[in-house]
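Heads up: the protein sequence lines correspond to chains A and B, in order.
For what it's worth, the working numbering labels the leading residue of the first sequence as 1, then goes sequentially.
For what it's worth, the working numbering labels the leading residue of the second sequence as 1, then goes sequentially.
Virtual Cβ for every residue (Gly too), placed ideally from N, Cα, C.
Quick notes on the structure that follows.
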Amino acid sequence: MTVLSGWGRYPRFPTQVVEPIDYRAARLLTPLHAGLIARGAGRAYGDAAIGEQVTLSTAQFDRIRSFDARTGLMRAEAGVVLADIIDVAMARGHFPPVVPGTQFVTVGGMIAADVHGKNHHRDGGFGDHVEEITLLLPDGSTVHCTAHQNAGLLAATIGGMGLTGTILDATFRLRPIECGWMRQMTLVAPNVGAALDMLHQHRDASYSVAWIDCLARGPALGRSLIFTAEHASRGEVQALGLDPFPARARARLSLPIDCPQMLLSRVSVALFNEVYFRVGAGKAGVPQMVPWESYFFPLDGIGMWNRIYGREGFLQYQCVVPPSAARETLSGVLDRLSRFGSASFLSVLKQLGAAHGDLSFPMDGYTLALDLPLRNGVFELLDELDKLVVAAGGRLYLAKDARQSRMTFERTYPGLEHFRALRRTIPGSERVGSRLSLRLGI
Amino acid sequence: MMKTTGTLLLIGGTSGIGRAVALHYAKAGWRVRLAARNLEEVECNANDIAVRYEAEVTTHVLDILRTDTFEAFVNRLPELPDTVMCVIGWMGSQPQAEVDLDHAGQVLRSNFEGPALLLSLFAERFAARRAGVIVGFSSVAGDRGRASNYYYGAAKAGFTAFLSGLRNRLSTTGVRVVTIKPGFVRTKMTAGMVLPACLTADPAHVARVVFAAAEDRRADVVYVPGLWRPVMFVIKCLPEMIFKRLHL
Numbered sequence: 001m002t003v004l005s006g007w008g009r010y011p012r013f014p015t016q017v018v019e020p021i022d023y024r025a026a027r028l029l030t031p032l033h034a035g036l037i038a039r040g041a042g043r044a045y046g047d048a049a050i051g052e053q054v055t056l057s058t059a060q061f062d063r064i065r066s067f068d069a070r071t072g073l074m075r076a077e078a079g080v081v082l083a084d085i086i087d088v089a090m091a092r093g094h095f096p097p098v099v100p101g102t103q104f105v106t107v108g109g110m111i112a113a114d115v116h117g118k119n120h121h122r123d124g125g126f127g128d129h130v131e132e133i134t135l136l137l138p139d140g141s142t143v144h145c146t147a148h149q150n151a152g153l154l155a156a157t158i159g160g161m162g163l164t165g166t167i168l169d170a171t172f173r174l175r176p177i178e179c180g181w182m183r184q185m186t187l188v189a190p191n192v193g194a195a196l197d198m199l200h201q202h203r204d205a206s207y208s209v210a211w212i213d214c215l216a217r218g219p220a221l222g223r224s225l226i227f228t229a230e231h232a233s234r235g236e237v238q239a240l241g242l243d244p245f246p247a248r249a250r251a252r253l254s255l256p257i258d259c260p261q262m263l264l265s266r267v268s269v270a271l272f273n274e275v276y277f278r279v280g281a282g283k284a285g286v287p288q289m290v291p292w293e294s295y296f297f298p299l300d301g302i303g304m305w306n307r308i309y310g311r312e313g314f315l316q317y318q319c320v321v322p323p324s325a326a327r328e329t330l331s332g333v334l335d336r337l338s339r340f341g342s343a344s345f346l347s348v349l350k351q352l353g354a355a356h357g358d359l360s361f362p363m364d365g366y367t368l369a370l371d372l373p374l375r376n377g378v379f380e381l382l383d384e385l386d387k388l389v390v391a392a393g394g395r396l397y398l399a400k401d402a403r404q405s406r407m408t409f410e411r412t413y414p415g416l417e418h419f420r421a422l423r424r425t426i427p428g429s430e431r432v433g434s435r436l437s438l439r440l441g442i
Numbered sequence: 001m002m003k004t005t006g007t008l009l010l011i012g013g014t015s016g017i018g019r020a021v022a023l024h025y026a027k028a029g030w031r032v033r034l035a036a037r038n039l040e041e042v043e044c045n046a047n048d049i050a051v052r053y054e055a056e057v058t059t060h061v062l063d064i065l066r067t068d069t070f071e072a073f074v075n076r077l078p079e080l081p082d083t084v085m086c087v088i089g090w091m092g093s094q095p096q097a098e099v100d101l102d103h104a105g106q107v108l109r110s111n112f113e114g115p116a117l118l119l120s121l122f123a124e125r126f127a128a129r130r131a132g133v134i135v136g137f138s139s140v141a142g143d144r145g146r147a148s149n150y151y152y153g154a155a156k157a158g159f160t161a162f163l164s165g166l167r168n169r170l171s172t173t174g175v176r177v178v179t180i181k182p183g184f185v186r187t188k189m190t191a192g193m194v195l196p197a198c199l200t201a202d203p204a205h206v207a208r209v210v211f212a213a214a215e216d217r218r219a220d221v222v223y224v225p226g227l228w229r230p231v232m233f234v235i236k237c238l239p240e241m242i243f244k245r246l247h248l
């Protein structure tokens with residue numbers, strides 16, 4: 001038995017971990033276990049990748065099978081890490097169609113959570129770019145799923161949190177790029193209403209994201225820096241004398257130990273936020289060239305950053321609400337958060353579009369994501385926020401969730417009944433189960 | 001003296017260490033030939049390496065127990081490689097080997113007879129060419145026989161002695177022979193085992209050490225992780241009277 005947790009380090013559960021050396025071993029051992037779920041890099045924050053009984057690591061499935069630079073099609077095993085995909089793609093003038101906030105996730109995880117990036121409102125989630133998957137069913141058989149073959153199973157598996165079976169490999173299409181630089185624009189929004197308006201106004205930008213100061217109050221509630229970006233052209237980068245493909249950042253900072261919780265006081269984070277906001281605001285209105293890594297993955301520069309919240313771990317709260325209710329609901333959420341006074345370094349606001357997986361998180365609207373250290377009152381606070389989100393017709397992201405109630409979940413995922421019905425048609429599906437599916441009764 | 005690039009023939013192309021070594025050589029610009037028994041698996045590894053580093057990678061079928069096929073295997077290679085490396089290691093099951101002669105024989109043959117005979121063929125050709133590097137993966141298990149794996153250990157001890165003799169013989173010909181003695185490595189072979197961190201290496205680390213030893217340095221015998229050298233020195237020094245009562 002091993003004690004596993006997600007990236008948030010809360011909750012922790014004992015589980016047996018198995019790591020099949022090849023597909024054949026995975027086929028043989030899958031039917032032998034009940035309460036089994038697949039796990040990639042363990043970057044889901046909560047309990048999504050912890051098996052009810054057994055956790056199947058896809059670490060050994062880490063080979064890229066093929067890449068065709070003419071079509072952009074890549075086939076990769078489920079355990080291949082996004083950072084490796086970027087290295088291969090970038091060297092041939094391509095980039096993943098969708099990247100989440102970290103490059104240390106696996107292909108299997110990106111599909112199972114139907115991850116979104118800063119371009120969801122334009123390009124959809126990672127699942128929208130998947131053309132084929134090989135799925136290992138609970139009875140040990142494997143099936144290929146495409147838009148024409150087992151299409152229902154494909155739609156359920158995208159965003160299905162591993163509950164339809166174990167993804168073994170996938171084929172997906174990358175996009176051509178001319179270089180590894182992003183042309184970034186910074187905009188300053190004095191409050192959350194202005195931030196929503198600006199995101200909407202700049203919806204034609206390829207990428208957009210807002211960083212919110214969660215500790216600002218009153219008229220400055222939800223003040224934000226908005227970063228929009230386009231892939232730069234080779235010409236403009238060369239004109240600036242830059243190497244078209246910037247090297248990866250070398251010296252990585254890493255947190256060697258768990259920080260004591262007191263380090264993250266309201267004062268220290270408020271100070272950080274103030275400096276961050278002022279420095280960012282100073283760059284407003286002027287286009288800047290930034291390397292892909294710092295635009296898409298600022299937190300990856302700090303290894304093991306999840307230790308900053310101490311041994312106790314932390315909760316990540318990510319909700320989405322429809323556009324019509326966004327201003328009121330998000331103001332309510334931010335107001336309660338700022339009054340709670342909890343420290344959250346990076347809180348982000350993004351625009352989302354519709355999604356196609358049965359249990360995919362995104363919907364047309366705006367999503368807010370933030371970290372909360374585990375401390376007294378935090379669960380009660382989040383229960384209160386859930387009520388606002390439910391009333392607004394929104395929902396919570398399963399890949400981040402560690403604590404929402406079954407009732408909240410059932411009321412906010414309209415695709416759930418369809419998902420359950422489809423799962424019942426998979427032989428042995430009752431033997432697939434994570435701590436998340438147990439908690440939410442999926 | 002640093003060699004720029006060349007051709008590596010890697011025997012054991014489906015092993016975790018083999019794959020890591022092949023990736024490292026490909027990254028350094030080498031042509032890589034992967035030999036293994038399971039063609040389907042080794043082709044997946046070859047494709048992965050080729051895609052990651054845009055390297056020339058080919059696959060070749062070889063069963064280390066079929067010594068009668070070795071001559072033909074060597075003659076069919078596209079060229080005589082600059083470096084030949086055998087990473088084959090098969091633990092088998094010690095308890096089974098104790099009661100099953102076939103199984104014991106397979107452990108001995110796949111860890112000693114096959115690798116030694118195959119490398120002999122390259123030794124002759126390299127000596128005639130007066131250039132080349134022969135790298136053999138032995139094991140710390142071959143430094144002293146222990147109750148828990150002495151068939152495997154005995155085969156590796158034989159392989160260590162073979163490499164030592166070969167190095168001695170070829171020392172004036174311009175052909176180098178390198179013995180690698182890995183301790184614990186996090187691979188398929190050790191998946192699920194609880195291993196002491198300071199005595200355990202990642203395959204990628206092993207690959208870096210091996211590449212440096214084979215291509216950059218004039219190394220003869222390399223322990224990886226390096227801490228195994230003093231550890232095995234102490235273990236080798238123990239009087240048999242004491243050693244025979246220990247459970248190591």
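(request) Could you tell me how far apart the beta carbons of THR106 of chain A and VAL80 of chain A are, in whole angstroms, since I believe they sit closer than 8 Å? (result) By 1-based counting over the first sequence, the position of residue 106 of chain A is 106. By 1-based counting over the first sequence, the position of residue 80 of chain A is 80. Confirmed, about 6 Å.
(request) Closer than 7 Å by C-beta to ALA219 of chain B: which residues in its own chain qualify, once you throw out the five before and the five after it? Chain order, please. (result) In the second sequence, the residue the question calls residue 219 of chain B occupies position 219. Excluding residues within five positions, the ones whose Cβ falls inside 7 Å are VAL178, ALA213.
(message) How far does the alpha helix (DSSP H) with CYS44 of chain B in it extend, from its first residue to its last?
(response) The sequence position of residue 44 of chain B within the second sequence is 44, counting from 1. First-last of the alpha helix (DSSP H) with CYS44 of chain B: 39 to 53.
(message) So with CB distances below 9 Å, who are the chain B contacts of ARG65 of chain A?
(response) On the first sequence, residue 65 of chain A is found 65 positions in, with the first residue counted as 1. Going along chain B in sequence order, the residues near ARG65 of chain A (Cβ under 9 Å) are CYS44, ASN47, ASP48, VAL51.
(request) Can you check the stretch 369 to 424 of chain A for any beta strand (DSSP E) of at least 3 residues that lies completely inside it and give the ranges in chain order? (result) none
(request) Would you list, in sequence order, the uninterrupted beta strand (DSSP E) runs of no fewer than 3 residues that lie entirely inside the stretch 278 to 328 of chain A? (result) 288 to 291, 314 to 321
(message) Tell me the DSSP secondary structure of THR187 of chain B in three-state form.
(response) Position 187 of the second sequence, counted from the first residue, corresponds to residue 187 of chain B. Of the three classes helix, strand and coil, the one that applies to THR187 of chain B here is coil, per DSSP.
(request) Check whether the Cβ of LYS236 of chain B lies closer than 9 Å to any Cβ atom in chain A. (result) Within the second sequence, numbered from 1, the residue matching residue 236 of chain B stands at position 236. No - not a single Cβ of chain A is within 9 Å of the one on LYS236 of chain B.
(message) Per DSSP, what are the beta-bridge partners of CYS214 of chain A in this structure?
(response) Here residue 214 of chain A refers to the residue found at position 214 of the first sequence. Paired residues: none, contrary to the question.
(request) For ALA284 of chain A, I'd like the list of residues in its chain whose CB is within less than 7 Å of its CB, leaving aside the five on either flank, ordered along the chain. (result) Taking the first residue of the first sequence as position 1, residue 284 of chain A is located at position 284. THR186, LEU187, VAL188, listed in sequence order.
(message) Quick check on MET2 of chain B - is its C-beta less than 9 Å from some C-beta in chain A?
(response) If you number the second sequence from 1, residue 2 of chain B lands on position 2. Residue placement at MET2 of chain B cannot be trusted, given a pLDDT of 46 that sits under 50; the coordinates are not used to answer.
(message) I want to verify the contact list: residues of chain A whose CB lies under 9 Å from the CB of GLU41 of chain B, in sequence order.
(response) By 1-based counting over the second sequence, the position of residue 41 of chain B is 41. ASP22, listed in chain order.
(message) Mapping the DSSP letters down to three states, classify TYR45 of chain A as helix, strand or coil.
(response) As a first step, residue 45 of chain A must be located in the first sequence, where it is residue number 45. Residue state, collapsed to three classes: coil.
(message) I'd like the list of long-range same chain contacts for ASP327 of chain A, defined as Cβ closer than 8 Å, with 5 residues on each side in sequence excluded.
(response) For the purposes of this step, residue 327 of chain A is taken as the residue at position 327 of the first sequence. The sequence given here places Arg at residue 327 of chain A; Asp does not occur at that position. Hits under 8 Å: VAL192, GLY193, LEU196.
(message) At the level of alpha carbons, what is the spacing between ILE11 of chain B and GLY114 of chain B?
(response) Within the second sequence, numbered from 1, the residue matching residue 11 of chain B stands at position 11. Within the second sequence, numbered from 1, the residue matching residue 114 of chain B stands at position 114. In a straight line, the C-alpha of ILE11 of chain B is about 11 Å away from that of GLY114 of chain B.
(request) Sort A:ARG234, A:PRO427, A:GLY341 by Cα distance to ARG183 of chain A and report the nearest one. (result) Here residue 183 of chain A corresponds to residue number 183 of the first sequence, with the count starting at 1. Check the Cα spacing between ARG183 of chain A and each of A:ARG234, A:PRO427, A:GLY341: the tightest is with A:ARG234.
(request) Give the DSSP-derived three-state secondary structure of ILE64 of chain A in the structure shown. (result) Within the first sequence, numbered from 1, the residue matching residue 64 of chain A stands at position 64. The answer is strand: DSSP assigns ILE64 of chain A an E or B state.
(request) Residues of the stretch 17 to 37 of chain B with a CB closer than 9 Å to any CB of chain A: list them in chain order, please. (result) ARG19
(request) Report the partner residues of ILE133 of chain A according to the DSSP bridge assignment. (result) Position 133 of the first sequence, counted from the first residue, corresponds to residue 133 of chain A. Bridge partners of ILE133 of chain A: A:CYS145, A:ALA170.
(message) Among the candidates B:LEU77, B:ILE64, B:LEU227, whose CA atom is the shortest distance from the CA of THR7 of chain B?
(response) Here residue 7 of chain B corresponds to residue number 7 of the second sequence, with the count starting at 1. Scanning B:LEU77, B:ILE64, B:LEU227 for the CA closest to the CA of THR7 of chain B turns up B:LEU77.
(request) Identify each residue in the stretch 56 to 82 of chain A for which the Cβ-Cβ distance to at least one residue of chain B is less than 7 Å, and report them in chain order. (result) GLN60, ARG63, ILE64, ARG65, SER66, PHE67
(message) If I follow the unbroken beta strand (DSSP E) through GLU56 of chain B, where does it start and stop?
(response) Residue mapping note: residue 56 of chain B aligns to position 56 of the second sequence, counting from 1. From DSSP, GLU56 of chain B is part of no beta strand (DSSP E); its letter is neither H nor E.
(message) Please list, in chain order, the chain B residues whose beta carbon lies closer than 7 Å to that of VAL3 of chain A.
(response) As a working note, residue 3 of chain A is residue 3 in the first sequence. The contacting residues do not exist; VAL3 of chain A stays about 14 Å from chain B at best.
(message) Can you look up TRP181 of chain A in the DSSP assignment and give me helix, strand or coil?
(response) Residue numbering aside, residue 181 of chain A sits at position 181 when the first sequence is read from its first letter. Looking at TRP181 of chain A - three-state DSSP - the assignment turns out to be strand.
(request) Give me the Cα-Cα distance between GLY353 of chain A and ASP364 of chain A, rounded to the nearest whole angstrom. (result) Position 353 of the first sequence, counting from 1, holds the residue named residue 353 of chain A. Position 364 of the first sequence, counting from 1, holds the residue named residue 364 of chain A. Going by the C-alpha atoms only, they are around 4 Å apart.
(message) Pull the bridge partners of GLN201 of chain A from the DSSP assignment, please.
(response) For this step, residue 201 of chain A is matched to residue 201 along the first sequence. DSSP, once it has assigned bridges, lists no residue as partnering GLN201 of chain A.
(message) With DSSP as the reference, identify every bridge partner of PHE137 of chain B, one or two as the case may be.
(response) On the second sequence, position 137 is the one that residue 137 of chain B refers to. PHE137 of chain B is bridged by DSSP to B:ILE180.
(request) Express the C-alpha separation of ARG278 of chain A and SER347 of chain A in angstroms, rounding to a whole number. (result) Reading the first sequence from its first residue, position 347 is the one you call residue 347 of chain A. Reading the first sequence from its first residue, position 278 is the one you call residue 278 of chain A. Each residue's alpha carbon lies about 16 Å from the other.
(message) Need the endpoints of the alpha helix (DSSP H) that ALA155 of chain B sits in, please.
(response) Position 155 of the second sequence holds residue 155 of chain B. Run containing ALA155 of chain B: 150 to 170, per the alpha helix (DSSP H) assignment.
(request) Let me know if ILE167 of chain A comes out buried or exposed under the rule of 16 or more other beta-carbons within 10 Å of its beta-carbon. (result) As a position in the first sequence, residue 167 of chain A is number 167, starting the count at 1. It is buried - the Cβ of ILE167 of chain A has at least 16 other Cβ atoms within 10 Å.
(request) Inspect the beta-carbon positions of PHE107 of chain B and TRP90 of chain B and report whether they are closer than 9 Å. (result) Here residue 107 of chain B refers to the residue found at position 107 of the second sequence. Here residue 90 of chain B refers to the residue found at position 90 of the second sequence. Per the sequence presented here, residue 107 of chain B reads as Val, with Phe not at that position. Result yes, Cβ atoms of VAL107 of chain B and TRP90 of chain B sit closer than 9 Å.
(message) What residue range does the alpha helix (DSSP H) around TYR223 of chain B cover?
(response) On the second sequence, position 223 is the one that residue 223 of chain B refers to. No alpha helix (DSSP H) holds TYR223 of chain B; the beta strand (DSSP E) holding it covers 221 to 224.
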